[in-house]
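Everything below concerns the one structure shown next.
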DNA sequence: GTTGAGCGTT
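Written as structure tokens, this is what we have:
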């Protein structure tokens, strides 16, 4: 049984109760579920009146000597501070307004303890967001749990978030996946996972979170033990993950290499991932795939991912943006290394604290907030949302090596583009060379 | 009374 810790994003806000693990620790991921971008907790000690940090080790927050009896306040990296949910909900509503609402699917929860009840299942997953359904499958005769269940969330972002990480229910690691009841390959949902190579042992979970948190909200960090020289980081936004791919970054003085994390056992660079492969499995189901494949450039992936996973397709008509190239052939998005003016991923709002990102954080900024320029956004147009009203221009002035490509014409989201059939299915109706518009997925 | 990869009586 777990205890509930009162956590707030700001000292003046009403706390949210977040369940601890059975060992009494509180998972940072549980906190992040409610407070995206949080990197730790602090509390005001009654005696010293000072703020004290909560010990964090490998994603587990350890209670102070006094226990979890205080109200704990989230720590955020520098300017990343944000109120718990305004950014989230703002961007969400915008996203949903412009698109048919991103629909949640039932999710299967594998690996539940035999003893976990529906109530407990609900209690746990409710901490991520509104839960519409929770059931534990049982043997009709004995009434005993079969060790798995199903849940469904109300908000798609919640689903994304939950899919993006491992879970601990009643002391057991559980996996949440999109069900494949129809036998075949099943549905692998891209969850923004990247492979971090050339890692050194002195780089911790926290180091990775701190460093890469600049680029977007992180939902999971996994460093295999014993140490193997690499790690996986999962971003809430697949775009952020893809944008970082194939880059070198200096973390704690070490140059680590970021590349795509692909499911083990299939080399599917060119297969279009028709039936998205294997599950959303644990970290060990992933291995590195060399970045060299011809279709593996970030833009390709971005195209597919953006369309597929965010369901912007039907409306991705290009043009119209401030710098829009008209028609359906806006230039491909260019990711600015340093937030230059051509950055299509800079949001319209010019400030470093742009509340229009999907994940709340600098989700689409290719660079840390501090270096964001005032470049107009072609990503969403008005309001700088992920497809706000008005412009839908994805393209714009920044092209990729001069090629232009359309982003329109994907087949959609729910049952075709993303979830169940595959998501390399862009039809490529864009103009120009269409270089990034193939249905080959990645 | 056990178990630990998987996929749902409606």
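Residue numbers (UniProt numbering): 1 to 442. All residues carry an ideal CB built from backbone N, CA and C; glycine is no exception.
Which first and last residues belong to the alpha helix (DSSP H) in which residue 19 is found?
Start at 1 with the first residue of the first chain, and residue 19 comes out as number 19. Run containing residue 19: none in the alpha helix (DSSP H); it sits in the beta strand (DSSP E), 16 to 19.
For residue 111, which option in 66, 171, 59 and 140 has the closest C-alpha, if you only look at C-alpha atoms?
One-based indexing of the first chain puts residue 111 at position 111. Among 66, 171, 59 and 140, the Cα nearest to that of residue 111 is on 171.
Quick one: what's residue 43 bridged to in DSSP?
The residue given as residue 43 occupies position 43 in the first chain. 52 and 72, per the DSSP bridge assignment.
Since residue 161 and residue 56 are thought to touch, with beta carbons under 8 Å apart, how far apart are those beta carbons, to the nearest angstrom?
The count along the first chain starts at 1 and reaches residue 161 at position 161. The count along the first chain starts at 1 and reaches residue 56 at position 56. Actually they do not touch by this definition, with Cβ atoms about 20 Å apart.
Here's the rule I'm using: 16 or more other beta-carbon atoms within 10 Å means buried, otherwise exposed. How should residue 47 be labelled?
Residue numbering aside, residue 47 sits at position 47 when the first chain is read from its first letter. The residue in question, residue 47, is exposed, as its Cβ has fewer than 16 Cβ neighbours within 10 Å.
Cβ of residue 108 within 8 Å of Cβ of residue 209?
Residue numbering aside, residue 108 sits at position 108 when the first chain is read from its first letter. Residue numbering aside, residue 209 sits at position 209 when the first chain is read from its first letter. No, these two residues do not count as a Cβ contact at 8 Å.
Enumerate in chain order the residues of its own chain whose CB-to-CB distance from residue 211 is below 6 Å, with the five nearest sequence positions on each side excluded.
Residue numbering aside, residue 211 sits at position 211 when the first chain is read from its first letter. Hits under 6 Å: 251.
Measure the CB-CB distance between residue 165 and residue 116 and report whether it falls below 8 Å.
As a working mapping, residue 165 is identified with position 165 in the first chain. As a working mapping, residue 116 is identified with position 116 in the first chain. Between residue 165 and residue 116, the gap from beta carbon to beta carbon reaches 8 Å or more.
With three or more C-beta pairs closer than 8 Å as the rule, is the region 4 to 20 touching the region 62 to 77?
yes
Identity of the residue in 139, 158, 145 and 49 nearest residue 129 by Cα
Here the question's residue 129 lines up with position 129 in the first chain. Per the Cα distances, 158.
Would you kindly report the start and end of the unbroken beta strand (DSSP E) that includes residue 3?
As a first step, residue 3 is located in the first chain; it is residue number 3 there, counting from the start. First-last for residue 3: undefined, no H or E at that position.
In whole angstroms, what separates the C-alpha of residue 195 from that of residue 204?
Counted from its first residue, the first chain places residue 195 at position 195. Counted from its first residue, the first chain places residue 204 at position 204. Each residue's Cα considered, the two are about 15 Å apart.
Is it right to say residue 255 is buried, meaning 16 or more other beta carbons lie within 10 angstroms of its own, or is it exposed?
Position 255 of the first chain, counting from 1, holds the residue named residue 255. So residue 255 ends up on the exposed side.
Output the boundary residues of the alpha helix (DSSP H) element that contains residue 209.
As a first step, residue 209 is located in the first chain; it is residue number 209 there, counting from the start. Residues 205 to 212.
Cβ neighbour criterion (16 or more within 10 Å) applied to residue 227:
Indexing the first chain from 1 puts residue 227 at position 227. Classification for residue 227: exposed.
Close beta carbons around residue 25, own chain, < 8 Å, minus the five adjacent residues each side:
Working through the first chain from its first residue, we reach residue 25 at position 25. Only 60, 61, 62 and 63 meet the Cβ criterion.
Residue 130, enclosing beta strand (DSSP E) - first and last residue
Stepping through the first chain from its first residue, residue 130 is reached at position 130. From DSSP, residue 130 is part of no beta strand (DSSP E); its letter is neither H nor E.
Can you give me the C-alpha to C-alpha distance between residue 150 and residue 49, rounded to a whole angstrom?
As a first step, residue 150 must be located in the first chain, where it is residue number 150. As a first step, residue 49 must be located in the first chain, where it is residue number 49. When rounded, the distance between both Cα atoms is 45 Å.
Please classify residue 45: is it buried, with 16 or more other beta-carbons within 10 angstroms of its beta-carbon, or exposed?
Position 45 of the first chain, counted from the start, is the residue given in the question as residue 45. Exposed: under 16 other Cβ atoms inside 10 Å.
Kindly indicate which three-state DSSP category residue 61 falls into: helix, strand or coil?
On the first chain, position 61 is the one that residue 61 refers to. In the structure shown, residue 61 sits in a strand (DSSP, three-state: E or B).
Contacting residues, own chain, Cβ-Cβ under 6 Å from residue 257 (five flanking each side not counted)
Here residue 257 refers to the residue found at position 257 of the first chain. Within the same chain, residue 257 has close Cβ partners 197, 198 and 248.
DSSP state of residue 103, grouped into three classes?
As a working mapping, residue 103 is identified with position 103 in the first chain. Correct three-state label for residue 103: coil.
Below 7 Å CB to CB, which residues in the same chain sit around residue 444 once its five sequence neighbours on both sides are set aside?
Nothing can be reported for residue 444, as the shown portion of the chain is limited to 1 through 442.
Ignore the nearest five residues each way along the sequence and tell me which others in residue 261's own chain have a CB closer than 6 Å to its CB.
Translated into positions along the first chain, residue 261 becomes position 261. Once the five neighbours on either side are set aside, the close Cβ partners of residue 261 are 193, 194, 195, 232 and 286.
Please work out which residues of its chain come closer than 6 Å, Cβ to Cβ, to residue 134, disregarding the five sequence neighbours upstream and downstream, and give them in chain order.
For the purposes of this step, residue 134 is taken as the residue at position 134 of the first chain. So the qualifying residues of the chain are 118, 121, 122 and 151.
Given residue 100, which residues of its chain have a CB within under 6 Å of its CB, disregarding the five upstream and five downstream residues?
One-based indexing of the first chain puts residue 100 at position 100. Since pLDDT at residue 100 reaches only 46, below the 50 mark, its modelled position is unreliable, and no value is offered.
Using only CA atoms, which one of 241, 154, 41 and 167 lies nearest to residue 11?
Taking the first chain and counting its residues from 1, one reaches residue 11 at position 11. Looking only at 241, 154, 41 and 167, the smallest Cα-Cα distance to residue 11 is reached by 41.
Please classify residue 145: does DSSP put it in a helix, a strand, or coil?
Indexing the first chain from 1 puts residue 145 at position 145. The answer is strand: DSSP assigns residue 145 an E or B state.
Cβ neighbour criterion (16 or more within 10 Å) applied to residue 132
As a first step, residue 132 is located in the first chain; it is residue number 132 there, counting from the start. Counting Cβ neighbours within 10 Å, residue 132 comes out exposed, since fewer than 16 surround it.
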